[in-house]
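Asks: Can you keep this structure in mind? I'll have questions shortly.
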Amino acid sequence: MSAGLGAVPAATTATAAAQQGTTLRVAVTQEVDSLNPFLSITRTGTDILRAAFEELTTASAADLSPEPGLAEKWEPSPDKLTWTYTVRRGAKWSDGQPITAADVAFTFNLMLSNETARTANGNYVAQWESVTAPDETTVVVKTRAPQTTMVALDIPIVPEHVWSKVDVGAEPAYPMVGSGPFVITDFKESQYTRLSANKQYWRGAPKIDNLDFIHYKNADAAVQALRNGEVDLVNGLTPTQFDALAGDPDIERNNAKGKRFNELVMNPGAATATGQPIGDGHPALKDPRLRRAIAQAIDSKTIVDKVSGGYATVGGGYIPPLFSTYHWEPTGDQARPFDPAAANSALDAAGYARGGDGVRVDPASGRPLKFRLMLHSGKAFDEQSAPFIQGWLRDIGIAVDVRSVADNKLNEDTTAGRFDLAYSGWTGNPDPDAVLALQTCASRPNADGKGATPDSFFCDADYDRLYAQQGSEFDTAKRAEIVKRMQQILHAQAPLTILSYDNALEAYRKDRFAPFTLSPDPGGFIMNQQSYWGYYSATPASASASGGSSSSTVVWVVIGAVVVIAAVAALVLARRRRATADERE
1 MSAGLGAVPA
11 ATTATAAAQQ
21 GTTLRVAVTQ
31 EVDSLNPFLS
41 ITRTGTDILR
51 AAFEELTTAS
61 AADLSPEPGL
71 AEKWEPSPDK
81 LTWTYTVRRG
91 AKWSDGQPIT
101 AADVAFTFNL
111 MLSNETARTA
121 NGNYVAQWES
131 VTAPDETTVV
141 VKTRAPQTTM
151 VALDIPIVPE
161 HVWSKVDVGA
171 EPAYPMVGSG
181 PFVITDFKES
191 QYTRLSANKQ
201 YWRGAPKIDN
211 LDFIHYKNAD
221 AAVQALRNGE
231 VDLVNGLTPT
241 QFDALAGDPD
251 IERNNAKGKR
261 FNELVMNPGA
271 ATATGQPIGD
281 GHPALKDPRL
291 RRAIAQAIDS
301 KTIVDKVSGG
311 YATVGGGYIP
321 PLFSTYHWEP
331 TGDQARPFDP
341 AAANSALDAA
351 GYARGGDGVR
361 VDPASGRPLK
371 FRLMLHSGKA
381 FDEQSAPFIQ
391 GWLRDIGIAV
401 DVRSVADNKL
411 NEDTTAGRFD
421 LAYSGWTGNP
431 DPDAVLALQT
441 CASRPNADGK
451 GATPDSFFCD
461 ADYDRLYAQQ
471 GSEFDTAKRA
481 EIVKRMQQIL
491 HAQAPLTILS
501 YDNALEAYRK
511 DRFAPFTLSP
521 DPGGFIMNQQ
531 SYWGYYSATP
541 ASASASGGSS
551 SSTVVWVVIG
561 AVVVIAAVAA
571 LVLARRRRAT
581 ADERE
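Take the sequence shown: its position 162, counted from the start at 1, is 162 in full-length UniProt numbering, and no numbers get skipped.
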């Protein structure tokens, strides 16, 4: 039985009708957190939702710049405090009902009035004053301060006639009524998500009938499924896997420019948005001197060479180098090169003396510097880099207990502050606001652990002040300088250290599908774009493609009291509930 598949109770059905038509089957190794568009913040969850829910604007396939989506046009007032959007005439929801300005206003006002609805994308509406829909095609948003993200609102628009009747914090019913090129029709937790072509889509229906996201426990299983023809598209490949696929006549590889970063998060004292301490992080990590020493003891170059096989860039500033306008690189006195001797000296000077076992002791609490390091089970980057980090920190007198856990477990624990060190990672956007917001005081959760998206639990008044400034600065050069100053604060306080910026290593079955649209082009992605272009562009390589893997046939076989998935169903899909922007790892 293939990875990601499991037995199903016989209470389901003994046979299921074949799923006819052309299907693009996508292998994913990250568990989906949620398919509620107000809650999902994982890379895979948001990737799926972007295929199902249109936004007011979308990122263009060519260069990721904003272009019309549900809004045909938009116009700011001279003072940039009022934005008027004209909603596309003739666009319909997947159930045939018209999409109107009332749906847009409902979505935005729900976020303004409901804390849960702000979980994933609340940063976009934090400075909004009001939203109205004076007629069927006009939406007017008034803000308290000028806001640069008003042409790049990463907010899925939902249908009022559906969401006005449900709990905004609940998992949705299927099929979901959406506006994108595909409709989410089914899911099984930690197994699959299935989408079907939206025949009502305003750009025109996709060329394929179904889009299946199939969960595999690790990249090895996903690559084997690609080789066997059980799936058609894979990303997140390791360098070894990517190189091993070279020369396969049926497989095309794509080495995309990296827009995401891997980070090691250090718990600086987890707290709620009101400052109430939560979790069980080691108290010594509240000391920025200790955090800086940890960062200096990690050799990013070795991680890039030994773990990423050169398919990555050495870590530096918080914004990935792909977004060159906003990327900052520490230089001069701010640079923190790999230097264990300097890290040891800094810890000595800070009073962290070594005990008899060589492990340093926190002078304030008297506790040894023994930290838990949480990593994603089955993720090659985490598993292969952790022994390096464990060894480097041992050299400076810090003991590390490596703990491998499932995606959702890691994210639940980190969101609750139950960690010392943890792997994380986010995909950047052309506009930096979303990832910058993750490090604000407001990103911390409420007392129930909800309502926000904490990353490192960092909270700094100067950083927050600059965050507000950059969000109101329409001069790109001036805004970039503010964003770089924010990155300097993060670097100096070191609640996290950037380990590397990944390339996106992808591969697909070219015997079954024609080349996909890359975004940006050239050198961009098929999967995990800022929009749906890769999936929407899926085109069978020939009319006969539906006879092979592109035709998705699922057969259920009763064996005793249990129904198991037969070998042909190595493509049974896989999906999951809440973990943690776009694209958290």
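Even for Gly, the Cβ is constructed at its ideal location relative to N, Cα and C.
Because the structure is a prediction, the values reported are computed rather than measured.
1) By the DSSP assignment, the alpha helix (DSSP H) with residue 590 in it spans what residues?
2) Rounded to whole angstroms, how far is the Cβ of His493 from the Cβ of Ile482, which I believe are closer than 8 Å?
3) Should Val158 and Pro37 be called a contact, given that it needs their Cβ atoms to be closer than 8 Å?
4) Just the C-alpha distance for Ala461 and Gly275, rounded to the nearest angstrom, thanks.
5) Let me know if Thr58 comes out buried or exposed under the rule of 16 or more other beta-carbons within 10 Å of its beta-carbon.
6) Buried or exposed for Gln334, going by 16 or more other Cβ atoms inside 10 Å?
7) Between the region 438 to 450 and the region 391 to 409, can you find at least three pairs of beta-carbon atoms closer than 8 Å?
8) Spatial neighbours of Ser196 within its chain, please: CB distance less than 8 Å, with the 5 preceding and 5 following residues excluded, ordered by chain position.
9) Counting Cβ pairs, one atom from each stretch, are 3 or more of them under 8 Å apart for the region 247 to 264 and the region 349 to 360?
10) List, from N- to C-terminal side, the beta strand (DSSP E) runs of 3 residues or more that fit wholly inside the region 303 to 382.
11) Under 8 Å: do the region 397 to 411 and the region 119 to 127 share three or more Cβ pairs, one atom per stretch?
12) Nearer than 7 Å: is that true of the beta carbon of Ser472 relative to any heavy atom of the ligand NAP?
13) Decide if the region 310 to 330 is in contact with the region 238 to 256; the criterion is three or more beta carbon pairs, one per stretch, under 8 Å apart.
14) What ranges does the beta strand (DSSP E) occupy inside the region 58 to 103, keeping only unbroken runs of at least 3 residues that lie completely in it?
15) From the DSSP output, which residues share a beta bridge with His215?
16) Taking buried to mean at least 16 other C-beta atoms within 10 Å of its own C-beta, is Glu506 buried or exposed?
17) Which of the three DSSP states is assigned to Ser404 in this structure?
18) From Thr116, Pro330, His327 and Lys80, pick the residue whose C-alpha is nearest to that of Pro146; which is it?
19) Suppose the cutoff is 7 Å on Cβ atoms and the five residues either side in sequence are ignored; what does the same chain contact list for Asn114 look like?
20) Where does Arg118 fall in DSSP's three states?
21) Looking only at DSSP bridge pairs, what is Ile498 linked to?
22) Express the C-alpha separation of Asp357 and Gly45 in angstroms, rounding to a whole number.
23) To test your reading of the DSSP string, which unbroken alpha helix (DSSP H) runs of 4 or more residues are found completely within the region 275 to 306?
24) Using only the alpha-carbon positions, how far apart do Leu112 and Arg118 sit?
25) For the 8 Å Cβ check, are there 3 or more pairs between the region 295 to 310 and the region 508 to 518?
26) Can you give me the Cβ contacts of Lys199 inside the same chain, cut-off strictly under 6 Å, excluding the 5 residues immediately before and after it?
27) Within the continuous alpha helix (DSSP H) that includes Thr240, where are the two ends?
28) Please state whether DSSP places Gly258 in a helix, a strand or coil.
29) Between Arg203, Gly279, Thr138 and His161, which lies nearest to Gln97 when the distance is taken from Cα to Cα?
30) Just to check my reading of the structure: residue 609 and Ile298 have Cβ atoms closer than 8 Å, yes? What is that Cβ distance to the nearest angstrom?
31) May I have the straight-line CA-CA distance separating Ser544 from Tyr501, to the nearest angstrom?
32) For Ile208, which of helix, strand or coil comes out of DSSP?
33) Might you give, ordered along the chain, the residues of its own chain that have their beta carbon closer than 6 Å to the beta carbon of Pro66, omitting 5 neighbours on each side?
34) Rounded to the nearest angstrom, what separates Gly21 and Arg194 at their Cα positions?
35) Taking all protein chains shown into account, decide if Asp582 is buried (16 or more other Cβ within 10 angstroms of its Cβ) or exposed.
36) Could you tell me whether the Cβ atoms of Lys207 and Pro540 are closer together than 8 Å?
Replies: Per the coordinate set shown:
1) In the structure as shown, the chain starts at 1 and stops at 585, and residue 590 therefore has no counterpart that could be examined.
2) Note that residue 493 corresponds to Gln in the displayed sequence, not to His. Actually they do not touch by this definition, with Cβ atoms about 17 Å apart.
3) yes
4) 13 Å
5) buried
6) exposed
7) no
8) Pro175, Phe182, Val183, Thr185, Asp209, Asn210 and Leu211
9) no
10) 312 to 314 and 370 to 376
11) no
12) Ligands are entirely absent from the displayed structure, and the ligand NAP is therefore not among its contents.
13) yes
14) 66 to 68, 71 to 76 and 82 to 87
15) Val28
16) buried
17) strand
18) Lys80
19) Val168
20) helix
21) Glu263
22) 45 Å
23) 288 to 296
24) 8 Å
25) no
26) Ala205
27) Pro239 to Ala244
28) strand
29) His161
30) The displayed coordinates of the chain run from 1 to 585. Any statement about residue 609 would go beyond what the structure contains.
31) Any reading at Ser544 must be qualified, since the residue scores a pLDDT of 38, below 50, and its modelled position is unreliable; the value itself is stated next. Approximately 40 Å, taken between the alpha carbons.
32) coil
33) Thr57, Val151 and Ala152
34) 13 Å
35) Confidence at Asp582 is low in this model, with a pLDDT of 38, below 50, so its placement is unreliable and the value that follows should be read with caution. Asp582 is buried by the Cβ-count criterion.
36) yes
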